[in-house]
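Asks:
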Amino acid sequence: MYQKRVQGSIYGMMSPSKDVPRLVDMWRSGALKLREMITQTYGLDEINQGYADMHAGLNFRGVLVPA
Numbered sequence: 049m050y051q052k053r054v055q056g057s058i059y060g061m062m063s064p065s066k067d068v069p070r071l072v073d074m075w076r077s078g079a080l081k082l083r084e085m086i087t088q089t090y091g092l093d094e095i096n097q098g099y100a101d102m103h104a105g106l107n108f109r110g111v112l113v114p115a
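Each residue of the sequence shown is one higher than the last, beginning at 49 in the working numbering.
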């Protein structure tokens, strides 16, 4: 089988110690627009609606916010 294998990953090809500080710097400089990626926010009491919207494809990125 040509020595093929299936390998899982947690961060993909990302190196958290290098890439997270770089992403934070990009966000601080305005090059990475995180707020614009959020299409809907949900309170903890709306978590079921958030899951329903996610499965229905109604939002790009839903975020849980503290009450």
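Glycine included, C-beta positions come from ideal geometry on N, C-alpha and C. Quantities reported herein were computed from a predicted structural model and do not represent experimental measurements.
#1: Just to check my reading of the structure: Met74 and Arg109 have Cβ atoms closer than 8 angstroms, yes? What is that Cβ distance to the nearest angstrom?
#2: Grab the span of the beta strand (DSSP E) containing Gln88 for me, first residue to last.
#3: Do Thr87 and Val113 have their beta-carbon atoms positioned less than 7 angstroms apart in this structure?
#4: In this structure, does DSSP put Leu82 in helix, strand or coil?
#5: Ends of the beta strand (DSSP E) at Val54?
#6: Drop a sphere of 10 angstroms on the beta-carbon of Gly91, count the other beta-carbons inside from all chains shown, and report buried for 16 or more, exposed for fewer.
Replies: From the atom records:
#1: About 17 angstroms separates the beta carbons of Met74 and Arg109, which is beyond the 8 angstroms limit, so they are not a contact pair.
#2: Gln88 to Gly91
#3: No, the pair does not count as a contact, with Cβ atoms beyond the cut-off.
#4: coil
#5: In the DSSP annotation of this structure, Val54 is not part of any beta strand (DSSP E), being labelled neither H nor E.
#6: exposed
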